[in-house]
Structure formats: structure tokens, C-alpha cells
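These notes concern the structure reproduced below.
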Amino acid sequence: MMRLFSFITLSLFLACSSPKSEKDSAYSKQIDSLQVRDLYDSARWYLYTWNCDALYKPKEDSLVSKPLSEIDLKLNHLVVRHDTLILLFDFVDKGKVILAGMTRDNRQFVSGVGFNIGNRKKIFMVDSNVYFSHKDDPESRYVNPLQPDVVGFIKRNSKRLNPWFRGEAERRAVI
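Using the UniProt record's numbering, read the sequence shown as starting at 1 and increasing by one per residue.
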């Protein structure tokens, strides 16, 4: 009887301590400890919608030209300064970080987002270490990421989008 009880207890313990779900494992310990999963997801959404139709043209393969909306986006670094959280990402193709010098057109991509931690609002985006915002332009992807051209692009290319971006577009009822 004692062995059965021990076996059941051990089984329950192992079941409860099993690996987290796929969604949970998508977040780094830093993101979890700061309790900013919502801002992390928002940053990824803003970066994908801003860059969705920007073409990545690698120098090493002149036949390849694909939109950044198909490429993985990985957290590179996060910075907390006073009440500001800055999330910096890299686009990653085939395991390699895409740098401007690796593209045929030396293109810089918008790769970071800054948030006010207190009110959870976006306060700027980052492009090659330059912080910018377009707060007064309602037709800017900064103010409204779902501009008609972005929505059209997402719908036309839904099957080719990065899996996270496609899932988020479905969750937000874009597709």
C-alpha cells in the first residue's frame, strides 16, 4: 500500500512539474520575471506589421527575395531605464541574424520598440539605434499598424507568414 501511495505521489509530482506548454516556453525568463509578456507580444506584432512587406535580399543568394513577415523574429536584448522598457529584436534567417551588411541593398530594419511600463503604451520604435515615433500621423504604421496596405498584404500572404505572425493575425481577426 505504501509503495502504491509513493508511486501515485511521485507520478503526480512529475506530471505537475512537466515542461510548460509551447506558448509558455516562448517567453524568456527576463520577460516572465518583469511580467511583460503583453509588451513582448505587442512589440513583435508592431515589428512584423511595420516590416511585413520589406524585402530581405541576402547577398549570398541573389535569387532569394522574401518579405520579413516570413522570417523569425528573436529577442536580442531588453533594457529597463526608469519607467521605460526597450525590447530589441533580430530577424533570423536559417539560424543567422540578418544584418544590414548581409543584404544586397544594405537595408536597415525597424528592430525595436520602447514602452512605458506603467501605462503599457508604445512610446517609440528603434531603427539602427535611432529612436523615433510618428505620433501625429494617423496614416503611419506607428500610429495604426493595421493600415490598409498591411491588412491587404497579410491577407494575400497569410499562408507564407511566419507561424507566430499568422497566429497573431488570426487571433486579432485580421485573417
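For every residue, glycine included, the Cβ atom is placed at its ideal position computed from N, Cα and C.
Problem - Those residues which DSSP pairs with Val-110 across a bridge - result: DSSP output for Val-110 lists Asp-127 as bridge partner(s).
Exercise for the section: Spell out a yes or no on whether the stretch 149 to 165 and the stretch 53 to 70 are touching, meaning 3 or more CB-CB pairs, one atom from each, closer than 8 Å. Expected result: The stretch 149 to 165, when compared against the stretch 53 to 70, does touch it at the 8 Å Cβ threshold.
Exercise for the section: May I have the straight-line CA-CA distance separating Glu-170 from Val-126, to the nearest angstrom? Expected result: Across the structure, Glu-170 and Val-126 are spaced so that their CA atoms are roughly 26 Å apart.
Exercise for the section: Using three-state DSSP, classify Arg-141 as helix, strand or coil. Expected result: In the structure shown, Arg-141 sits in coil (DSSP, three-state: anything other than H, G, I, E or B).
Practice task
May I have the straight-line CA-CA distance separating Ser-42 from Phe-91, to the nearest angstrom?
Solution key: Between Ser-42 and Phe-91, the C-alpha separation is close to 16 Å.
Problem - Cβ separation of Leu-87 and Gly-112, assumed to be a contact under 8 Å, to the nearest whole Å - result: So it is a contact: roughly 6 Å between Cβ atoms.
Exercise for the section: Have a look at Asn-162 and Phe-115 and give me their C-alpha separation to the nearest angstrom. Expected result: Rounded to the nearest angstrom, the two C-alpha atoms are 24 Å apart.
Handout entry: Simplified DSSP assignment, three categories, for Ile-31
Key = Of the three classes helix, strand and coil, the one that applies to Ile-31 here is helix, per DSSP.
Exercise for the section: Quick one: give me the first and last residue of the alpha helix (DSSP H) that Leu-39 is part of. Expected result: Where Leu-39 is concerned, the enclosing alpha helix (DSSP H) stretches over 37 to 51.
Practice task
Sort Ser-69, Lys-121, Leu-78 by Cα distance to Lys-159 and report the nearest one.
Solution key: The residue with the shortest Cα to Cα distance from Lys-159 is Ser-69.
Problem - Per-residue burial, Leu-39 [other beta carbons within 10 Å of its own, 16 or more giving buried] - result: Leu-39 should be labelled buried.
Handout entry: Helix, strand or coil at Arg-171 according to DSSP, with G and I counted as helix
Key = The answer is helix: DSSP assigns Arg-171 an H, G or I state.
Problem - Sub-7 Å separation of Asn-76 and Phe-89 beta-carbons - result: For Asn-76 and Phe-89, yes; Cβs fall inside 7 Å.
Exercise for the section: To the nearest angstrom, report how far apart Ser-128 and Gln-108 are at their CA atoms. Expected result: Taking the CA atoms as reference points, Ser-128 sits about 6 Å from Gln-108.
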